[in-house]
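*Asks:*
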Amino acid sequence: MTDLPVLGARQMNRLRIIEALYRRPLSSRADLTRHAHLSRATVSTLVEELVRAGLVEEHAGVAASEPSPEGALGRPPVRLSLVSRSAFAVGLDFGHQHIRVALCDLSGEPIVDDYSPADVDHAPAESLDLAHELVREALRRAGVAPDQLLGVGMGLAVPINKTTGALEADGILPGWHGIRPAAEMEARLGIPVALDNDANLGALGEEAYGAARGVDNLVYIRLSAGIGAGLILEGHPYPGVAGVAGEVGHVLSDPSGPICRCGNRGCLEAVASPVAVAALLERSLGEPVSVQRLLELVEDGHRGARRAVADAGEAVGRAAAMLVNILNPELVVVGGDLASAGEVLLDPITAAIERHSVAPAASSARVVPGALGPRAEVLGAAALILAKSPRALVARLEA
Ligand SMILES: [Zn+2]
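Residue numbering for the sequence shown follows this note's numbering, beginning at 1 and increasing consecutively.
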């Protein structure tokens, strides 16, 4: 993203109001005096100005986003929110075999949500071209001009070095070696592109719009083709020094397990990823088993399928127990393909955390399924951009 200018005192106050409304839509003027730490008079003047500028709108007769002392006095106060169509962001999620795009308004609501199968792992240039097409088509369908976009957030299933922007792709996404995806996308779109790891974005999506709304300390575990975790600590994403934090898929799970694609033996991913679990059933059923088929078998109550998923849950739970001991999160959110197996997966994860974490850490960590399903990553990618929207909106106003 381009750097935004340094703000003067008046702009700083506008920023406080806009940030407060971004985090707490449907606040009243009194809520704003508390959350933006400004006087009532200043809030009144600035809100009036922002309404005139078309950035803030009033809602009469709408329920409060939080209990308000004024509520008890009778007439409900007027609620305020940012005008959701005053800015937009695009999220792009590159899975191993698909690209998903979401064009979101300022509130994070996807106006267009599109999906295309793609051989992302082996055909990076074609995948980037396809993503370009999907973004252009989404803008066309929504009638949004490129200059109304704040930026594009992009997720890839690979660790990304935060300092250099390079992919740590060896053994994980070999076809992408040496490619700088954010620069490639920017060259195609002419719009700033921010890149992050898909599990980190899943965490961000669930925190902004899903199961972890309002939670400051959480671990998001993504069980898809690979296994990864996104960490949000004290309200901030934690990438680690080289962007590799949360690579829980490659911790040792079974010393005598199969060789993993990273070159080690018995990694969690080699034992418990949906693909690894489906492969176990291929042996017993004597036929190819896709992840989709695995989930159908679980749904139908197939004993072997349920056992395989439960064992995977226990393995994931043992790894999660370490994270719970080390990080003491409030929430463990389970996302990715395998999460739709429901309690067959989640119960063993919860039990393993209870068994293998110290009691105070285990009792404060709730295990929940993700609320956004396969859209967690793409919405997180949009949230990466939208989180910076308050400053961008203030910069649009004249000083
Ligand atoms: Zn591994």
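All C-beta atoms in this analysis are idealised placements derived from N, C-alpha and C, irrespective of residue type, glycine included. Every value quoted in this text rests on a predicted model; they were computed, and no experiment measured them.
May I have the straight-line CA-CA distance separating histidine 132 from proline 181, to the nearest angstrom?
*Replies:* On the sequence shown, position 132 is the one that residue 132 refers to. On the sequence shown, position 181 is the one that residue 181 refers to. The alpha-carbon atoms of histidine 132 and proline 181 are separated by roughly 12 Å.
*Asks:* Cβ of histidine 96 within 7 Å of any heavy atom in ligand 1?
*Replies:* By 1-based counting over the sequence shown, the position of residue 96 is 96. No, Cβ of histidine 96 sits at least 7 Å from all heavy atoms of ligand 1.
*Asks:* Check whether the Cβ of alanine 312 lies closer than 7 Å to any heavy atom of ligand 1, and answer yes or no.
*Replies:* Position 312 of the sequence shown, counting from 1, holds the residue named residue 312. No; taking the cut-off as 7 Å, the Cβ of alanine 312 has no heavy atom of ligand 1 nearer than that.
*Asks:* Please classify asparagine 264: does DSSP put it in a helix, a strand, or coil?
*Replies:* Residue 264 sits at position 264 when you count from the first residue of the sequence shown. Coil, per DSSP.
*Asks:* Is the beta carbon of alanine 270 within less than 7 Å of some heavy atom of ligand 1?
*Replies:* Here the question's residue 270 lines up with position 270 in the sequence shown. Flag set: Cβ of alanine 270 near ligand 1.
*Asks:* What residues in its chain sit with their C-beta under 6 Å from that of glutamate 377, if we drop five residues either side in the sequence?
*Replies:* By 1-based counting over the sequence shown, the position of residue 377 is 377. Within the same chain, glutamate 377 has close Cβ partners Asp93, Gly155, Asp198, Leu201 and Gly202.
*Asks:* Exposed or buried, what is threonine 350 when buried is set at 16 or more other beta-carbons lying within 10 Å of its beta-carbon?
*Replies:* Taking the sequence shown and counting its residues from 1, the one referred to as residue 350 is at position 350. With 16 or more Cβ atoms within 10 Å of its Cβ, threonine 350 is classed as buried.
*Asks:* Quick check: is any heavy atom of ligand 1 less than 7 Å from the C-beta of asparagine 264?
*Replies:* Taking the first residue of the sequence shown as 1, we reach residue 264 at position 264. Set against 7 Å, the gap from the CB of asparagine 264 to the closest heavy atom of ligand 1 is smaller.
*Asks:* Can you give me the start and stop residues for the beta strand (DSSP E) that leucine 80 sits inside?
*Replies:* Here residue 80 is taken as the residue at index 80 of the sequence shown, counted from 1. Per DSSP, the continuous beta strand (DSSP E) segment holding leucine 80 begins and ends at 79–82.
*Asks:* Do serine 116 and serine 84 have their C-beta atoms closer together than 8 Å?
*Replies:* For the purposes of this step, residue 116 is taken as the residue at position 116 of the sequence shown. For the purposes of this step, residue 84 is taken as the residue at position 84 of the sequence shown. No; because the gap between Cβ atoms is not below 8 Å, this pair is not in contact.
*Asks:* Does the region 320–333 come within contact of the region 278–295, defined as at least 3 CB pairs closer than 8 Å?
*Replies:* no
*Asks:* Just how far apart, CA to CA, sit isoleucine 172 and valine 158?
*Replies:* Taking the sequence shown and counting its residues from 1, one reaches residue 172 at position 172. Taking the sequence shown and counting its residues from 1, one reaches residue 158 at position 158. For isoleucine 172 and valine 158, the distance between alpha carbons rounds to 7 Å.
*Asks:* Below 8 Å on the Cβ atoms is my guess for valine 47 versus isoleucine 17; work out the distance and round it to an integer in Å.
*Replies:* Reading the sequence shown from its first residue, position 47 is the one you call residue 47. Reading the sequence shown from its first residue, position 17 is the one you call residue 17. That belief holds up - the Cβ atoms of valine 47 and isoleucine 17 are roughly 7 Å apart, short of 8 Å.
*Asks:* Hey, proline 124 and glycine 175: beta-carbon distance below 8 Å or not?
*Replies:* Start at 1 with the first residue of the sequence shown, and residue 124 comes out as number 124. Start at 1 with the first residue of the sequence shown, and residue 175 comes out as number 175. Yes, the Cβ-Cβ distance between proline 124 and glycine 175 is below 8 Å.
*Asks:* Assuming glutamate 330 contacts serine 363 under a Cβ cut-off of 8 Å, what Cβ separation, rounded to an integer in Å, is found between them?
*Replies:* Walking along the sequence shown from the start, residue 330 turns up at place 330. Walking along the sequence shown from the start, residue 363 turns up at place 363. So it is not a contact: roughly 11 Å between Cβ atoms.
*Asks:* With DSSP as the reference, label tyrosine 22 as helix, strand or coil.
*Replies:* Taking the first residue of the sequence shown as 1, we reach residue 22 at position 22. Of the three classes helix, strand and coil, the one that applies to tyrosine 22 here is helix, per DSSP.
*Asks:* Among all the DSSP beta bridges, which residues are the ones paired with asparagine 328?
*Replies:* As a position in the sequence shown, residue 328 is number 328, starting the count at 1. DSSP output for asparagine 328 lists no bridge partner at all.
*Asks:* Going by DSSP, what residues sit across from histidine 98 in a beta bridge?
*Replies:* Taking the first residue of the sequence shown as position 1, residue 98 is located at position 98. Bridge partners of histidine 98: Pro117.
*Asks:* Among Val43, Gly249 and Gly214, which one has its Cα closest to the Cα of leucine 233?
*Replies:* What you label residue 233 is simply residue 233 of the sequence shown in a count that begins at 1. The candidate whose alpha carbon is nearest that of leucine 233 is Gly214.
*Asks:* Taking the DSSP output, what are the residues bridged to leucine 233?
*Replies:* As a working note, residue 233 is residue 233 in the sequence shown. Answer by DSSP bridge pairing, in chain order: His236.
*Asks:* Please tell me whether, using a cut-off of 7 Å, the distance from the CB of histidine 236 to the nearest non-hydrogen atom of ligand 1 is below it.
*Replies:* Sequence index remark: in the sequence shown, residue 236 carries index 236 (1-based). No.
*Asks:* Is cysteine 104 near ligand 1, in the sense that its beta carbon is under 7 Å from a heavy atom of that ligand?
*Replies:* Taking the first residue of the sequence shown as 1, we reach residue 104 at position 104. Taking 7 Å as the cut-off, one finds no heavy atom of ligand 1 near enough to the beta carbon of cysteine 104.
*Asks:* For methionine 1, which residues in the same chain have their Cβ closer than 7 Å to its Cβ, ignoring the five residues on either side in sequence?
*Replies:* For the purposes of this step, residue 1 is taken as the residue at position 1 of the sequence shown. Its pLDDT being 46, under 50, methionine 1 is placed unreliably by the model, and nothing is read from it.
*Asks:* Can you confirm whether the region 309–317 touches the region 336–353 when touching is taken to mean that 3 or more C-beta pairs between the two stretches lie within less than 8 Å?
*Replies:* yes
*Asks:* What's the call for histidine 236, buried or exposed, on a 16-neighbour Cβ count within 10 Å?
*Replies:* Within the sequence shown, residue 236 is the residue found at index 236, counting from 1. Under this definition histidine 236 is an exposed residue.
*Asks:* Between which residues of its own chain and leucine 7 is the CB-CB distance below 7 Å, once the five residues before and five after are set aside?
*Replies:* Indexing the sequence shown from 1 puts residue 7 at position 7. Closer than 7 Å at the Cβ level, and outside the excluded window around leucine 7, lie Leu15 and Val394.
*Asks:* Please report the distance separating the alpha-carbon of alanine 361 from that of alanine 9.
*Replies:* If you number the sequence shown from 1, residue 361 lands on position 361. If you number the sequence shown from 1, residue 9 lands on position 9. Approximately 43 Å, taken between the alpha carbons.
*Asks:* Going by C-alpha distance, which of Arg79, Leu223 and Pro255 is nearest valine 44?
*Replies:* Counting from 1 along the sequence shown, the entry for residue 44 is found at position 44. Looking at the sequence provided, one finds serine at residue 44 rather than valine. When each option's Cα is compared against that of serine 44, the closest is Arg79.
*Asks:* Beta carbon of valine 332, beta carbon of alanine 320: below 8 Å?
*Replies:* If you number the sequence shown from 1, residue 332 lands on position 332. If you number the sequence shown from 1, residue 320 lands on position 320. It is a contact, given that the beta carbons lie within the stated cut-off.
*Asks:* Can you name the start and end residues of the alpha helix (DSSP H) that valine 51 belongs to?
*Replies:* For this step, residue 51 is matched to residue 51 along the sequence shown. Where valine 51 is concerned, the enclosing alpha helix (DSSP H) stretches over 40–52.
*Asks:* Going by C-alpha distance, which of Pro25, Arg34 and Ala41 is nearest glutamate 58?
*Replies:* In the sequence shown, counting from the first residue as 1, residue 58 sits at position 58. The residue with the shortest Cα to Cα distance from glutamate 58 is Pro25.
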